[in-house]
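Contents: one structure, followed by commentary.
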Amino acid sequence: MASISDKEIMEKLNINEQTLEMFKKVREDAMKEVKRLDAAKRKRKKITVLGISGSARDRFDMARENSNSEELLKRCLKQCEKLGAQTELVALRKFKIGHCKACYSTANTQCHFYCSCYPKNTPAGDDMTNILYDKIISADAIIFATPVNNFKISSLLATFLDRCISLDGSLGPANPKNPKDRELNIKHMKFIEMMADNDLPGSGMVRRFNGKVAGAIVTGHEAGAGMVISNLFMTLNHFGMIFPPFNNVYAMASICQSTYEDKKELLEGCYEEELKALADNVMLAASLTKKTSFKDWKYDYSKN
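First residue of the sequence shown: 12, per the working numbering; consecutive thereafter.
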């Protein structure tokens, strides 16, 4: 990155010194954050595996029956525990998660971490901002489980992944008192484009999934699992997640029988070895990536 003076930056962006200091502070905070993420990863003695269940089914609710995909996820997490992991299952239906408001499409820097549409620890905050972001950040690996809903991931998981955009590159607001100042945020993005250094982690966008390991469990009554897994792969790969070999379980019933028969077909042992392999491979990949730091995984810090 070519050296550029403060005066040149202010002239190019048409900003004053106070605004420049705002932009610099966000940059400094991001570089400190990356160091904290690396330090926390090294400090964790156990591999932490987070299971995300996107199913709406619950025997205490209208379905009157537990989720197939969530049951397979529980079995997979148990295998991870046998291999020494600390695990946690998050059933998204039990959390209040507001929809993404697409600030990112105005400018990368109109979207913030933590999400400024649902400010943390305020009456406007939701469980994504107050609880789930921190769980994701603390995980070495994440296994996603979803049913096939109309040839796609569940609406719960889709909303969750949409809100993960705040983890995928977003920074703190330049002006915390007015985080949605569109013109300021556009100038902030231009500052990042000018100043990001790909050899200096945190000098630009911070992709907090970077280097985390991903697994997927998909269940369905008929066609659609291939599209769901492909969609998850594309999304999570561009978040910066790592996919070990054989990192997904594709558990399908048969359209030739009614849905009330699915549970027997999906849960009575057919997929046990695949679940074990998924857990084994996720844990192996997570143990290997424990030795890496944020800067080892390359992306362009100046854009997202």
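Don't be surprised by glycine CBs; every beta carbon is placed ideally from N, CA and C.
Quick check on L22: does DSSP put it in helix, strand or coil? Residue identity check: residue 22 is Glu in the sequence provided, not Leu. Here E22 sits in helix by DSSP.
Pick from K198, Y115, T98: whose alpha carbon is nearest that of S149? T98
Please state if the CB of K201 and the CB of L24 are separated by a distance shorter than 8 Å. yes
Runs of beta strand (DSSP E) lying entirely within the segment 148-187, each at least 3 residues, in chain order: 152-158
N292, enclosing beta strand (DSSP E) - first and last residue: It is not in any beta strand (DSSP E) - N292 instead sits in the alpha helix (DSSP H) that spans 283-300.
Buried or exposed for C71, please, with buried defined as at least 16 other CB atoms from any protein chain shown within 10 angstroms of its CB. A small correction: the amino acid at residue 71 is Phe; Cys does not occupy that position in the sequence shown. Flag for F71 reads exposed.
Tell me, which residues are paired with Q268 by DSSP? BP columns for Q268 are empty, so no partner.
Coarse secondary structure for S78, derived from DSSP in three states: coil
Residues in the same chain with beta-carbon distance under 6 Å from W308, minus the five sequence neighbours each way, listed in chain order, please. N221, G222
Might you give, ordered along the chain, the residues of its own chain that have their beta carbon closer than 7 Å to the beta carbon of A288, omitting 5 neighbours on each side? F257
Below 8 Å between beta carbons: does that hold for K306 and P212? yes
Give the range of the beta strand (DSSP E) segment to which N259 is assigned. 259-263
Do you know offhand how far C111's Cα is from T170's? 7 Å
Helix, strand or coil for E44 per DSSP? helix
Grouping DSSP H, G and I as helix and E and B as strand, with all else coil, what is R104? helix
Can you name the start and end residues of the alpha helix (DSSP H) that S64 belongs to? Unbroken run through S64 is the beta strand (DSSP E), 59-64; no alpha helix (DSSP H).
Under a three-way DSSP split, which group does I15 fall into? coil
With DSSP as the reference, please indicate the residues paired to A207 in a beta bridge. In the DSSP output, where bridge partners are listed per residue, A207 has none listed.
Within 10 angstroms of the Cβ of R47, are there 16 or more other Cβ atoms? Answer buried if so, exposed if not. exposed
Here's a check: name, in chain order, each residue in its chain whose Cβ is nearer than 7 Å to the Cβ of C122, leaving out the five neighbours to either side. C114, Y115, I176, S177, S181
Measuring CB atoms only, is the segment 155-169 touching the segment 232-244, in the sense that at least three cross pairs come out at less than 8 Å? yes
On the DSSP letters alone, give me the boundaries of the alpha helix (DSSP H) that A118 sits inside. Here A118 belongs to no alpha helix (DSSP H), and DSSP marks it neither H nor E.
For S165 and G65, I'd like the C-alpha separation in whole angstroms. 6 Å
Neighbourhood of N132 by C-beta distance below 7 Å, restricted to the same chain and skipping five residues each side: N141
Report the partner residues of H123 according to the DSSP bridge assignment. L182
What does a CB cutoff of less than 8 Å around I228 pick up in its chain, not counting 5 residues either side in sequence? S80, L83, L84, C87, I154, F155, A156, T157, N259, V260, A262, L286, L289
Give every residue of the same chain whose Cβ lies closer than 6 Å to the Cβ of M42, excluding the five residues on either side of it in the sequence, and list them in chain order. G213
Let me check understanding here. Comparing Cα to Cα, which of A74, S14, K191, L167 lies closest to P130? K191
C-beta contact flag for S215 and Y282 at 8 Å: What sits at residue 215 in the sequence shown is Gly, not Ser. It is not a contact, given that the beta carbons lie outside the stated cut-off.
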